[in-house]
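Protein chains: 2
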Amino acid sequence: MSADWFRRRFLPGGPVSAPRPPRPRASPVPYRRPRFLRGSGSSTSTADASRRPDSRPRPVRSPVRGRALPWNAGYAEIINAEKSEFNEDQAACGKLCIRRCEFGVEEDQEWLTLCPEEVLTGHYWALFDGHGGPAAAILAANTLHSCLRRQLEAVVDGMMTTQPPMHLSGCCVCPSDPQFVEEKGIRTEDLVIGALESAFQECDEVIGRELEASGQVGGCTALVAVSLQGKLYVANAGDSRAILVRRDEVRPLSSEFTPETERQRIQQLAFVYPELLAGEFTRLEFPRRLKGDDLGQKVLFRDHHMSGWSYKCVEKSDLKYPLIHGQGKQARLLGTLAVSRGLGDHQLRVLDTNIQLKPFLLSVPQVTVLDVDQLEPEERDVVVMATDGLWDVLSNEQVAWLVRSFLSDNREDPHRFSELAQMLIHRTQGKDDSPTQEGQVSYDDVSVFVIPLHNQDQRRSSH
Amino acid sequence: MSADWFRRRFLPGGPVSAPRPPRPRASPVPYRRPRFLRGSGSSTSTADASRRPDSRPRPVRSPVRGRALPWNAGYAEIINAEKSEFNEDQAACGKLCIRRCEFGVEEDQEWLTLCPEEVLTGHYWALFDGHGGPAAAILAANTLHSCLRRQLEAVVDGMMTTQPPMHLSGCCVCPSDPQFVEEKGIRTEDLVIGALESAFQECDEVIGRELEASGQVGGCTALVAVSLQGKLYVANAGDSRAILVRRDEVRPLSSEFTPETERQRIQQLAFVYPELLAGEFTRLEFPRRLKGDDLGQKVLFRDHHMSGWSYKCVEKSDLKYPLIHGQGKQARLLGTLAVSRGLGDHQLRVLDTNIQLKPFLLSVPQVTVLDVDQLEPEERDVVVMATDGLWDVLSNEQVAWLVRSFLSDNREDPHRFSELAQMLIHRTQGKDDSPTQEGQVSYDDVSVFVIPLHNQDQRRSSH
Chain A
17 MSADWFRRRF LPGGPVSAPR PPRPRASPVP YRRPRFLRGS GSSTSTADAS RRPDSRPRPV
77 RSPVRGRALP WNAGYAEIIN AEKSEFNEDQ AACGKLCIRR CEFGVEEDQE WLTLCPEEVL
137 TGHYWALFDG HGGPAAAILA ANTLHSCLRR QLEAVVDGMM TTQPPMHLSG CCVCPSDPQF
197 VEEKGIRTED LVIGALESAF QECDEVIGRE LEASGQVGGC TALVAVSLQG KLYVANAGDS
257 RAILVRRDEV RPLSSEFTPE TERQRIQQLA FVYPELLAGE FTRLEFPRRL KGDDLGQKVL
317 FRDHHMSGWS YKCVEKSDLK YPLIHGQGKQ ARLLGTLAVS RGLGDHQLRV LDTNIQLKPF
377 LLSVPQVTVL DVDQLEPEER DVVVMATDGL WDVLSNEQVA WLVRSFLSDN REDPHRFSEL
437 AQMLIHRTQG KDDSPTQEGQ VSYDDVSVFV IPLHNQDQRR SSH
Chain B
17 MSADWFRRRF LPGGPVSAPR PPRPRASPVP YRRPRFLRGS GSSTSTADAS RRPDSRPRPV
77 RSPVRGRALP WNAGYAEIIN AEKSEFNEDQ AACGKLCIRR CEFGVEEDQE WLTLCPEEVL
137 TGHYWALFDG HGGPAAAILA ANTLHSCLRR QLEAVVDGMM TTQPPMHLSG CCVCPSDPQF
197 VEEKGIRTED LVIGALESAF QECDEVIGRE LEASGQVGGC TALVAVSLQG KLYVANAGDS
257 RAILVRRDEV RPLSSEFTPE TERQRIQQLA FVYPELLAGE FTRLEFPRRL KGDDLGQKVL
317 FRDHHMSGWS YKCVEKSDLK YPLIHGQGKQ ARLLGTLAVS RGLGDHQLRV LDTNIQLKPF
377 LLSVPQVTVL DVDQLEPEER DVVVMATDGL WDVLSNEQVA WLVRSFLSDN REDPHRFSEL
437 AQMLIHRTQG KDDSPTQEGQ VSYDDVSVFV IPLHNQDQRR SSH
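So the sequences go chain by chain: A and B.
Using our numbering, you'd call the opening residue of the first sequence number 17 and step up by one each time.
Using our numbering, you'd call the opening residue of the second sequence number 17 and step up by one each time.
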């Protein structure tokens, strides 16, 4: 995305784009459940709009026994309580084969790379939580791994050395280049982080094009775990969450991106481009929406540069609807969206206005790196990845307690991680009287991966 | 600062400002050392431009014995090795008396507030590290505490309750206001943080006006510690540093703001406003400045949205000077400035160009809060605040080691914190063969406060 493009796309008064020739509309993205669920039961929705919420059967679904996911990971999901017709969560996982892409090869030698060698193998698990329809999440589940593979292949030669070279071609323009790279502290894992960041952006562009072509709308969050060279990379854009659970440790591997957690970034953009609010919203944050009676009073507020609070004398323009409004799960960006990062939403506008959400959304993930080799994982060490439906009703500590007690009772069962994922979903349905449950029920779509870490370093292959 | 102002001030093609009537030039800000050093030796510079560097006497200065600083804090400073004629560091400290400012009082009752009651007492310690001349740091030392007092007085009524009220007047427009404030998690300390943030901005504006009026230039970093209601607030804008040293703990109380630590914020601004670089700089980061020979090669780079690295094919525009260049202490913003936050620099431009530094600089500090009451400080627990000259040659751990060993040998001396500050300065001069020294010498100005925490909660008064 260039600055020019940003202005043309989002700011009034920018160069008017020439009318596009009408192009044939592509067929809509077909609804589906993750491929690895095939054969595990009715795969289409059983929704019936005439039933009242919670009356439709909500089976917990997992891959059929015998279909092993990478690292023998467990997976389970449940559809929401008729919030939407379809399950808007999607998932994907698989092996990631990175081949060498020969840079600097002359064009007449291109035939040499027709059968590129596989240089690196990894694994991939991803959860997408859709909104405004299932299409964006389905596209992301179909596409993101390909974007990531392409981005990794573009840098894989740099990843095969102990420190990435300044030039990918291996030629050295300046003799002190290794020293510059050393001083900047650039490591192999920075190339994977960069590839994940670029892959999310590329996937976002694909989704934008595909949805426009098929006349569909929607967006999704994305939470991805990738194993490569003995490390696990967790990339997150949205409000899903991954945690590491060990015997004596619960470690968050991602943070949530919501209008509240990204308040300063969002207010800052509205500060430099007030046009984006079209005079309909106030950039300032107040504890509640102000009313006429507040005029002239000194009320609590904060602006983009503040992490603390202060008081301001209320003027008429402060009575507008706030750019970010509400607390916790109710917090909304422009009264519309509950997340501030993710893929898609290119067409999303505030109801009855021309105000676009997209300029405030980021498709870039935050990436954390877990050094699995260094961790020396024990048998019951797992990573739990889940969409927000799980974390709305269970805390990290509650999930860790459930994981530990389940795995200590089920040491041998080869399907234990799948069973564990199903058990976690059941615990979100208020069907159990365990002390950690406290009767909380999730009416949202919920999807869970449980990824065991033990012995995975032995399985890693890189030739 | 409004968005309109930002555009008028910094972007080409904005409304041209009408020529200002010439106004009488104010007299330049006079050079001085901190007031609390009076009587402690020759207070003006002993610089002699004809001497070679390091040949001028560099005495370590401290307040005269018997002049107690707040909380019996120690202070010491040394001038640089003829890097500049004047010591560009400045310091200030003192009692902070917050009086009530009666909001909502009718104008004809204003006489009632002529002698406002003092409602809160705190203490204040501040270090300013100037660049481009001593004027900005002197103005900051003269001004910031007044800005802070004013900002605190504007919210002090909100600070005197357990939770800040939605309305400062005490009137309640909406019965559920306390609930909104509760849900937002707004605490009394957020008002102090907000006041510090606003005070830094106000002081920055004062410095801009004063320097323009007197025809002077320059800027400074600012590191401030404020004690209020049993808490110590540390606000930092620049590359000075404060740490807490306890028997078993060394805790950083600030982080440094440099072109490197704020790379993404700075690149982001150049992305949305490329005009700010006037076609002279490239926004992208490369491990070194690229040369003609790099053209067409794939080299390591990162852009504003990336925390990882990737490779890009070098184009001609990439050969420009980088927006952020160099590593560590050599890192520069626009080839000019080593810090990315601070006060002043309103007139600073890149040499021989019209490119301004100010839009990339932030005057907002980051504030951390130390709950001194809860800490139950022991006798040797101190906060060490110092300008970067100290931290360039001593690590946090080395300073902690020096502090602990000095204080365990000097338990009774009432001047021990002053002696300790002097000792720390001596250790930056390579005059000692202690194992922690390693022969490193600082040629910079160095200023140090050592603030003891023990028993200070008893001295705190708030009526």
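In this text, a Cβ means the ideal position worked out from N, Cα and C, and glycines have one as well.
Quantities reported herein were computed from a predicted structural model and do not represent experimental measurements.
| said: On the criterion of 16 or more Cβ atoms from any shown chain inside 10 Å, does serine 192 of chain A qualify as buried, or is it exposed? | reply: Classification of serine 192 of chain A: exposed, given that the 10 Å Cβ count is below 16.
| For arginine 305 of chain A, the nearest candidate out of A:Gly324, A:Glu276, A:Gly342 (CA to CA) | Taking only the C-alpha atoms, the option nearest arginine 305 of chain A is A:Gly342.
| query | So with Cβ pairs under 7 angstroms, would you call asparagine 456 of chain A a contact of chain B? | reply | The residue asked about is misnamed: residue 456 of chain A is glutamine in this sequence, not asparagine. Judged by the 7 angstroms Cβ criterion, glutamine 456 of chain A is not in contact with chain B.
| Tell me, which residues are paired with cysteine 190 of chain A by DSSP? | DSSP lists no partner for cysteine 190 of chain A.
| task | Let me know the secondary structure DSSP gives glutamine 382 of chain A once reduced to three states. | result | In the structure shown, glutamine 382 of chain A sits in a strand (DSSP, three-state: E or B).
| request: Answer yes or no: do isoleucine 202 of chain A and proline 181 of chain A have a C-beta to C-beta separation smaller than 7 angstroms? | output: No, the pair does not count as a contact, with Cβ atoms beyond the cut-off.
| From the DSSP output, which residues share a beta bridge with serine 463 of chain A? | Answer is A:Glu93.
| message | Is it buried or exposed, serine 66 of chain A, if we count other Cβ atoms within 10 angstroms and call 16 or more buried? | response | Reliability of the predicted coordinates at serine 66 of chain A is poor, the pLDDT of 47 falling under 50, and the value obtained from them is presented with this limitation in mind. Exposed, because fewer than 16 other Cβ atoms sit within 10 Å of the Cβ of serine 66 of chain A.
| message | When you compare the CB of glutamate 213 of chain B with every CB in chain A, is at least one pair closer than 7 angstroms? | response | Residue contact check for glutamate 213 of chain B against chain A: a CB pair falls below 7 angstroms.
| query | Taking C-beta to C-beta, are aspartate 145 of chain B and cysteine 236 of chain B nearer than 7 angstroms? | reply | It is a contact, given that the beta carbons lie within the stated cut-off.
| field | Other residues of its chain near tryptophan 325 of chain B: CB distance less than 6 angstroms, five sequence neighbours each side excluded | value | Excluding residues within five positions, the ones whose Cβ falls inside 6 angstroms are Leu316, Arg318.
| Using CA coordinates, which residue listed in B:Tyr140, B:Asn103, B:Ala157 is at the minimum distance from isoleucine 114 of chain B? | The candidate whose alpha carbon is nearest that of isoleucine 114 of chain B is B:Tyr140.
| For the alpha helix (DSSP H) that contains glycine 210 of chain B, what are its first and last residues? | Note, glycine 210 of chain B: alpha helix (DSSP H), 204–230.
| task | Kindly list, in the order they appear in chain A, the residues whose Cβ is closer than 8 angstroms to that of tryptophan 407 of chain B. | result | None at all; the shortest Cβ gap to chain A is about 19 angstroms.
| request: Examine the ligand HEM and report whether any of its heavy atoms sits within less than 6 angstroms of the Cβ of serine 214 of chain A. | output: This structure lacks the ligand HEM, and indeed carries no ligand of any kind.
| message | If I measure Cβ to Cβ from methionine 176 of chain B and keep anything under 7 angstroms in the same chain, skipping five residues before and after, which residues do I get? | response | Cβ neighbours of methionine 176 of chain B beyond the five flanking positions: Val135.
| message | Once the 5 residues before and after glutamate 296 of chain A are set aside, which same chain residues still bring their CB inside 8 angstroms of it? | response | Apart from sequence neighbours up to five positions away, the residues of its chain that approach glutamate 296 of chain A with a beta-carbon distance below 8 angstroms are Lys336, Tyr337, Val366, Thr369, Ile371, ordered along the chain.
| said: With DSSP as the reference, identify every bridge partner of cysteine 109 of chain A, one or two as the case may be. | reply: According to DSSP, cysteine 109 of chain A bridges with A:Trp141.
| field | Counterpart residues of glycine 360 of chain A in DSSP-defined beta bridges | value | In DSSP, glycine 360 of chain A forms a bridge with A:Gly235.
| request: Can you give me the Cβ contacts of glutamate 395 of chain B inside the same chain, cut-off strictly under 6 angstroms, excluding the 5 residues immediately before and after it? | output: For glutamate 395 of chain B, where only same-chain residues beyond five positions count, the Cβ hits under 6 angstroms are His470.
| Beta carbon proximity, proline 303 of chain B to chain A, threshold 7 angstroms | Against chain A, the CB of proline 303 of chain B has a partner CB under 7 angstroms away; the residue lies at that interface.
| query | Hey, does glycine 138 of chain B have any beta-carbon neighbour from chain A nearer than 7 angstroms? | reply | Taking a beta-carbon distance threshold of 7 angstroms, glycine 138 of chain B does not count as an interface residue toward chain A.
| query | Mind checking serine 270 of chain A: buried by the 16 CB within 10 Å criterion, or exposed? | reply | By the neighbour-count rule (16 or more Cβ atoms within 10 Å), serine 270 of chain A is buried.
| said: Considering only the alpha carbon of each residue, which of B:Ala258, B:Glu291, B:Ala347 lies closest to serine 302 of chain B? | reply: First, the residue type needs correcting, since residue 302 of chain B is phenylalanine and not serine in the sequence shown. Comparing Cα positions, the closest option is B:Ala347.
| task | Less than 8 angstroms between the CB atoms is what I'm expecting for threonine 403 of chain A and leucine 143 of chain A, so what's the real figure, rounded? | result | With a Cβ gap of about 6 angstroms, threonine 403 of chain A and leucine 143 of chain A count as contacting.
| query | How is glutamate 134 of chain A classed by DSSP in three states: helix, strand or coil? | reply | It is a strand residue.
| query | Can you name the residues of chain A whose CB is closer than 7 angstroms to the CB of isoleucine 209 of chain B? | reply | Ser323, Gly324, listed in chain order.
| query | How do the segment 415–433 of chain A and the segment 46–58 of chain A stand: do at least 3 beta-carbon pairs fall below 8 angstroms, yes or no? | reply | Below 8 angstroms, too few C-beta pairs join the segment 415–433 of chain A and the segment 46–58 of chain A to call them touching: fewer than three.
| task | Would you kindly check if the distance between the Cβ of isoleucine 441 of chain B and the Cβ of isoleucine 94 of chain B is under 7 angstroms? | result | Isoleucine 94 of chain B places its beta carbon less than 7 angstroms from that of isoleucine 441 of chain B.
| message | Does chain A have any CB closer than 7 angstroms to the CB of lysine 314 of chain B? | response | By the rule that beta-carbons nearer than 7 angstroms mark a contact, lysine 314 of chain B touches chain A.
| request: Check glycine 324 of chain B in the structure and name its three-state DSSP category. | output: Here glycine 324 of chain B sits in coil by DSSP.
| Quick one, are the C-beta atoms of leucine 160 of chain A and cysteine 219 of chain A less than 7 angstroms apart? | Cβ distance < 7 angstroms, so leucine 160 of chain A and cysteine 219 of chain A count as in contact.
| field | Buried or exposed by the 16-neighbour rule on C-beta atoms within 10 Å, applied to proline 468 of chain A | value | Buried is the call here.
| message | Between isoleucine 202 of chain B and chain A, is the shortest Cβ-Cβ distance under 7 angstroms, so that the two count as touching? | response | So yes, isoleucine 202 of chain B belongs to the interface.
| request: Measure the C-alpha to C-alpha separation of glycine 55 of chain A and glycine 82 of chain A and round it to an integer number of angstroms. | output: Cα to Cα, glycine 55 of chain A sits roughly 11 angstroms from glycine 82 of chain A.
| Coarse secondary structure for valine 32 of chain A, derived from DSSP in three states | Confidence at valine 32 of chain A is low in this model, with a pLDDT of 48, below 50, so its placement is unreliable and the value that follows should be read with caution. Three-state DSSP puts valine 32 of chain A in coil, outside helix and strand.
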